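Residue numbers (this note's numbering): 327 to 570.
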């Protein structure tokens with residue numbers, strides 16, 4: 327059974343009230359019945375085993391039979407900055423990155439990106455990507471959902487940092503974006519489309535990597551070995567053809 331994400335306000339003492347899209351999904355898609363068990367995750371990432379006690383058109387309720395408090399989700403925070411590829415590839419990237427434990431994904435529009443969504447189209451895509459991340463998190467039994475940020479250009483991405491440094495050319499074996507801080511982990515409980523998720527505040531990342539097809543001297547494993555113990559990683563991946 328997958329994990330289902332709820333807001334703290336839906337917990338009423340030893341009872342959980344499920345409403346909205348999740349209620350509809352449980353009732354109409356999964357055909358949930360009274361007496362069945364589900365697992366819910368709240369905004370603090372606490373886990374609840376729940377027995378369904380009522381299934382209605384507007385609400386599903388259940389009794390909490392067990393609660394396990396949140397334990398740190400990941401030893402390492404991984405933030406993916408990904409240029410948007412053409413076709414449905416980005417959907418797949420979000421799905422698999424979520425299953426692998428990525429904390430946040432920033433869609434980037436670079437010079438060689440074929441996909442350049444207009445404002446309304448971008449908003450629709452953003453909602454779709456967040457839904458894919460949510461469903462992937464549920465299916466992979468995560469206690470959190472990665473934050474899918476608003477698409478930005480690569481220049482905008484860099485400008486969101488104070489005094490962003492120039493990119494060091496990778497043929498010299500640097501392989502890193504020095505000075506770019508870690509993107510903060512996702513904020514749980516925010517509704518779809520709430521606010522502009524362009525903020526990149528936070529401490530400097532322990533390891534910041536720009537992948538480049540021309541690098542010959544070192545790979546990711548080499549950089550991880552050299553970096554030693556890290557708590558946050560930012561990985562930047564360009565489009566087909568690479569960054570210009």
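Note that the Cβ used here is the ideal one computed from N, Cα and C, for glycine as well. Bear in mind the structure is a predicted one, so any value in this text is a computation, not a measurement.
Practice task
Could you tell me whether the Cβ atoms of residue 345 and residue 386 are closer together than 9 Å?
Solution key: The count along the chain shown starts at 1 and reaches residue 345 at position 19. The count along the chain shown starts at 1 and reaches residue 386 at position 60. Yes, Cβ-Cβ distance for residue 345 and residue 386 is below 9 Å.
Exercise for the section: Could you check the C-alpha separation between residue 491 and residue 368 for me, to the nearest Å? Expected result: The sequence position of residue 491 within the chain shown is 165, counting from 1. The sequence position of residue 368 within the chain shown is 42, counting from 1. Its pLDDT being 42, under 50, residue 491 is placed unreliably in this model, and the coordinates cannot settle the point.
Exercise for the section: Mark residue 464 as exposed unless 16 or more other C-beta atoms lie within 10 angstroms of its C-beta, in which case mark it buried. Expected result: In the chain shown, counting from the first residue as 1, residue 464 sits at position 138. With 16 or more Cβ atoms within 10 Å of its Cβ, residue 464 is classed as buried.
Problem - C-alpha gap between residue 469 and residue 562, whole angstroms - result: By one-based count along the chain shown, residue 469 stands at place 143. By one-based count along the chain shown, residue 562 stands at place 236. Spanning the two alpha carbons is a distance of roughly 25 Å.
Practice task
Determine the closest residue to residue 373 out of 412, 404, 329 and 352, with distance taken between C-alpha atoms.
Solution key: The residue labelled residue 373 in the question sits at position 47 within the chain shown. The residue with the shortest Cα to Cα distance from residue 373 is 329.
Handout entry: Reduced DSSP secondary structure (H/G/I, E/B, other) of residue 375
Key = Here residue 375 is taken as the residue at index 49 of the chain shown, counted from 1. Here residue 375 sits in strand by DSSP.
Exercise for the section: May I ask you to report which of helix, strand or coil DSSP gives residue 387? Expected result: Taking the chain shown and counting its residues from 1, one reaches residue 387 at position 61. Looking at residue 387 - three-state DSSP - the assignment turns out to be strand.
Problem - Alpha-carbon spacing of residue 342 relative to residue 392, whole angstroms - result: Within the chain shown, numbered from 1, the residue matching residue 342 stands at position 16. Within the chain shown, numbered from 1, the residue matching residue 392 stands at position 66. CA-to-CA, the gap between residue 342 and residue 392 works out to about 12 Å.
Practice task
Return the Cβ separation of residue 411 and residue 565 in integer angstroms, given the expectation that the two are a contact with Cβ distance under 8 Å.
Solution key: Taking the chain shown and counting its residues from 1, the one referred to as residue 411 is at position 85. Taking the chain shown and counting its residues from 1, the one referred to as residue 565 is at position 239. Residue 411 to residue 565, Cβ: 6 Å. Contact.
Practice task
Whole angstroms is fine: what's the gap from residue 448's alpha carbon to residue 477's?
Solution key: Within the chain shown, residue 448 is the residue found at index 122, counting from 1. Within the chain shown, residue 477 is the residue found at index 151, counting from 1. Their Cα atoms are separated by approximately 7 Å.
Exercise for the section: Could you check what DSSP says for residue 394 in three-state terms: helix, strand or coil? Expected result: For the purposes of this step, residue 394 is taken as residue 68 along the chain shown, with counting starting at 1. In the structure shown, the three-state DSSP call for residue 394 is strand.
Handout entry: Helix, strand or coil at residue 453 [DSSP, three-state]
Key = Position 127 of the chain shown, counted from the start, is the residue given in the question as residue 453. Here residue 453 sits in helix by DSSP.
Practice task
Would you identify the three-state DSSP class for residue 526, choosing helix, strand or coil?
Solution key: Residue 526 sits at position 200 when you count from the first residue of the chain shown. Reliability fails at residue 526, whose pLDDT of 43 lies under 50, so the model's placement of it is uncertain and no value is given.
Handout entry: Residue nearest to residue 353 in terms of C-alpha spacing, selected from 429, 378 and 333
Key = Looking up residue 353 in the chain shown gives position 27. Closest option to residue 353, Cα to Cα, is 378.
Practice task
Just tell me which of 405, 401, 348 and 402 has its CA closest to the CA of residue 384.
Solution key: Here residue 384 is taken as the residue at index 58 of the chain shown, counted from 1. The candidate whose alpha carbon is nearest that of residue 384 is 348.
Practice task
With a threshold of 16 other CB atoms inside 10 Å of the CB of residue 338, please say whether the residue is buried or exposed.
Solution key: Locating residue 338 in the chain shown gives position 12, counting from the first residue. Answer is exposed; the Cβ neighbour count stays below 16.
Handout entry: Inter-residue spacing [alpha-carbon to alpha-carbon] between residue 394 and residue 333
Key = Taking the first residue of the chain shown as 1, we reach residue 394 at position 68. Taking the first residue of the chain shown as 1, we reach residue 333 at position 7. Roughly 16 Å between the two C-alpha positions.
Problem - Residue burial classification, residue 472 (beta-carbon count within 10 angstroms, cutoff 16) - result: Sequence index remark: in the chain shown, residue 472 carries index 146 (1-based). Residue burial is scored here from C-beta neighbours: residue 472 has at least 16 other C-beta atoms within 10 angstroms and is therefore classed as buried.
Practice task
Give me the Cα-Cα distance between residue 532 and residue 430, rounded to the nearest whole angstrom.
Solution key: Walking along the chain shown from the start, residue 532 turns up at place 206. Walking along the chain shown from the start, residue 430 turns up at place 104. Rounded to the nearest whole angstrom, the C-alpha separation of residue 532 and residue 430 is 16 Å.
Practice task
Would you kindly report the start and end of the unbroken alpha helix (DSSP H) that includes residue 551?
Solution key: Here the question's residue 551 lines up with position 225 in the chain shown. Its alpha helix (DSSP H) spans residues 546-553.
Handout entry: Where residue 482 falls: helix, strand or coil (DSSP)
Key = Along the chain shown, one-based indexing puts residue 482 at 156. Of the three classes helix, strand and coil, the one that applies to residue 482 here is helix, per DSSP.
Exercise for the section: Decide if residue 388 is buried, meaning its Cβ has at least 16 other Cβ atoms within 10 Å, or exposed. Expected result: On the chain shown, residue 388 is found 62 positions in, with the first residue counted as 1. When all chains shown are included, residue 388 counts as buried.
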